[in-house]
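Numbering (my numbering), first residue to last: 38 to 114.
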Amino acid sequence: MHRLAVRTDKRRAGYAKQICRYWEAQTAERKFTSLRADTHKNNRPMTALLLSQGFSYRGVIYVSDGTPRNAFEKPLH
38 MHRLAVRTDK
48 RRAGYAKQIC
58 RYWEAQTAER
68 KFTSLRADTH
78 KNNRPMTALL
88 LSQGFSYRGV
98 IYVSDGTPRN
108 AFEKPLH
C-alpha cells in the first residue's frame with residue numbers, strides 16, 4: 038500500500054481499520070509472510086493505527102530523497 042487516506046467527514050468510522058484488514062487478507066492470500074509500512078515520525082494517527090493493528094515499530098528507514106520514516110512490520114501467520 039502506498040498511501041492511506043480517509044475523507045475528513047468519514048474519519049473515526051473504522052474505514053482505515055477495514056482497509057488494513059483487507060490489505061492483510063490479500064497479502065496472506067498471496068503467501069507473503071509480513072506486512073511493512075512506514076510513516077513520517079509526526080504522523081501520530083497512522084502510527085496509532087499501525088500499532089492497533091498489530092504492527093511493531095522496527096526503527097527508522099530513509100526513503101529515496103533521504104527523508105527519515107518510522108518503519109513498522111507485522112508478521113503474517
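We put the beta carbon where it would ideally sit given N, CA and C, even for glycine.
- Taking a C-beta distance under 8 Å as the contact criterion, Phe69 and Ser93 do not qualify as a contact pair.
- The shortest CA-to-CA distance from Ile56 to any of His77, Arg67, Arg40, Thr45 is the one to Arg40.
- DSSP places Leu72 inside the beta strand (DSSP E), whose first and last residues are 71-76.
- Rounded to the nearest whole angstrom, the CA to CA distance from Val43 to His77 is 17 Å.
- In the three-state reduction of the DSSP assignment, Ser101 falls in the coil class.
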